[in-house]
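Using this note's numbering, read the sequence shown as starting at 520 and increasing by one per residue. Heads up: the structure comes next, in structure tokens.
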Amino acid sequence: MPKSKSPDHPWLVLVNPNAGRRRGLLDWEKISGHLNHYNLLYTPVFTERPGHATEIVTKAVEQEGFRRIVVVGGDGTMNEVVNGVFGQKRFKTTDITLGMITVGTGNDWGRMFGIPANYEEAVKILTLNQTFIQDAGMVRYCNEDVPGNRYFVNIAGMGFDAEVTRKSNRLKEKGRGGVFLYFMNILTSLLNYRHVEALISVDGLDVVNKIFSMNVGICRYSGGGMIQAPNAVPDDGLFDLTVIRKLSKPNVILSLKRLYNGTIHLHPKVDSYTGKSIRVESRDMIRLETDGESLGHTPIEFSIIPRSVKVLTGYFTN
């Protein structure tokens, strides 16, 4: 791990070289040029494998005392960094500030917080130090017979949403991605997808339904601009749960526009809930993804961690 160049709390700039079809690597010279232009003191570190960002952040905070971190990547890289922030034991999570320069495929977390795609404008946000303290979520799940847990800061998807994400992530591993391919995965996944009956518990309220898809939102966007949790407020201490019940395939296609214009919650086959804890059980497996990262399956349990992650933003202020 590189040493800090100064005691003045430099930035740890964590770069995912594979993000956005290798834009993290290909555009690094341009990004670093803007960081240098604005005289930011920083130490760059490049990730080498999935999960590496979590390891880097945990060690950098605990051993080197970094308290300002810039993510050069996408939603998945931010997710790994957040898990590193929660994994370290040296500081309170809100003593650490996270910024972002988006180079990923979907960039949905950045969309929520007004992070521009233009690199220079994103670097300017780092210099303005406009902070917002958002909620985080923690989800427990199963992966085969092995229990797991993960922190997240954007949206968790289950059912059809998680199936599409799983297919999209396989394409990313081969260097292919983008909103168009994500949309094509939606259409092709419809051919074989089966609805699953689930028991959903929200703060003790139990509901049983055959479901098509579910999203647990801290923020509003996923899938490259879909507004899957339109009423989510990132610092209200509540999850926003969108449950899409059983739909015919033609109805799914006709309803896609609602996911982009923020009216999905008005569909007659959609139920919305808010709560601090959510549990999902099913006889047949329901898959899970968080912040675009494919994880495991039911049983799944979510708990909110109110106002626990400090971020730099172009929109909200505390």
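Virtual Cβ for every residue (Gly too), placed ideally from N, Cα, C.
Assigned secondary structure, residue i (DSSP; H/G/I helix, E/B strand, else coil)
i: Val580; result: helix
i: Leu710; result: coil
i: Lys744; result: The question names Lys, but residue 744 is Gly in the sequence shown. Residue state, collapsed to three classes: coil.
i: His816; result: strand
i: Ala572; result: helix
i: Glu567; result: coil
i: Thr613; result: helix
i: Pro769; result: helix
i: Arg802; result: coil
i: Gly603; result: helix
i: Gly592; result: strand
i: Gly543; result: helix
i: Thr836; result: Bear in mind that the predicted position of Thr836 carries a pLDDT of just 43, short of 50, making it too unreliable to give a figure here.
i: Val683; result: helix
i: Ala751; result: coil
i: Asn537; result: coil
i: Asn598; result: helix
i: Asn704; result: helix
Expected contact under 8 Å - CB spacing of residue i and residue j to nearest Å
i: Met619; j: Val589; result: 7 Å
i: Gln649; j: Thr832; result: 6 Å
i: Ser687; j: Asn704; result: 5 Å
i: Trp530; j: Arg587; result: 5 Å
i: Val564; j: Leu533; result: 6 Å
According to DSSP, residues forming a beta bridge with residue i
i: Ile763; result: Ser732, Val789
i: Tyr660; result: Gly667
i: Gly676; result: Asn734, Glu808
i: Trp530; result: Tyr561, Arg587
i: Val830; result: Leu617, Phe651
i: Leu724; result: Val721
i: Gly794; result: Phe758
i: Ser774; result: In DSSP, Ser774 forms no bridge with anything.
i: Ser551; result: Answer is none; Ser551 lacks a bridge partner.
i: Ile783; result: Paired residues: none, contrary to the question.
i: Ile644; result: The partner list for Ile644 (beta bridge, DSSP) is empty, contrary to what the question assumes.
i: Ile823; result: Gly656
Start and end residues, alpha helix (DSSP H) containing residue i
i: Leu718; result: Per DSSP, Leu718 belongs to no alpha helix (DSSP H); it is in the beta strand (DSSP E), 715 to 721.
i: Ile634; result: From DSSP, Ile634 is part of no alpha helix (DSSP H); its letter is neither H nor E.
Below-8 Å beta-carbon distance, residue i vs any chain B residue
i: Glu820; result: Here chain B cannot be found, since the structure has a single protein chain.
Residue i CB to nearest heavy atom of the ligand ATP below 7 Å
i: Thr782; result: In the structure on display, the ligand ATP does not appear, and there are no ligands present to speak of.
Worksheet item: Looking at C-beta atoms only, is the number of pairs between the segment 811 to 823 and the segment 600 to 615 that lie closer than 8 Å three or more?
Response: no
Discussion item. For the pair the segment 716 to 723 and the segment 787 to 806, tell me if three or more CB-CB distances fall below 8 Å.
Written reply: yes
Practice prompt. Count the C-beta pairs between the segment 726 to 745 and the segment 756 to 772 that are closer than 8 Å, then say yes if the count reaches three, no if not.
Written response: yes
Worksheet item: Using 8 Å as the threshold, is the segment 543 to 556 in touch with the segment 634 to 645, meaning 3 or more CB pairs across them?
Response: yes
Worksheet entry | Any 3 or more C-beta pairs closer than 8 Å across the segment 668 to 683 and the segment 774 to 781 | no
Item to complete: State whether the segment 784 to 792 contacts the segment 606 to 622, with contact taken as three or more CB pairs (one from each stretch) at a distance under 8 Å.
Response: no
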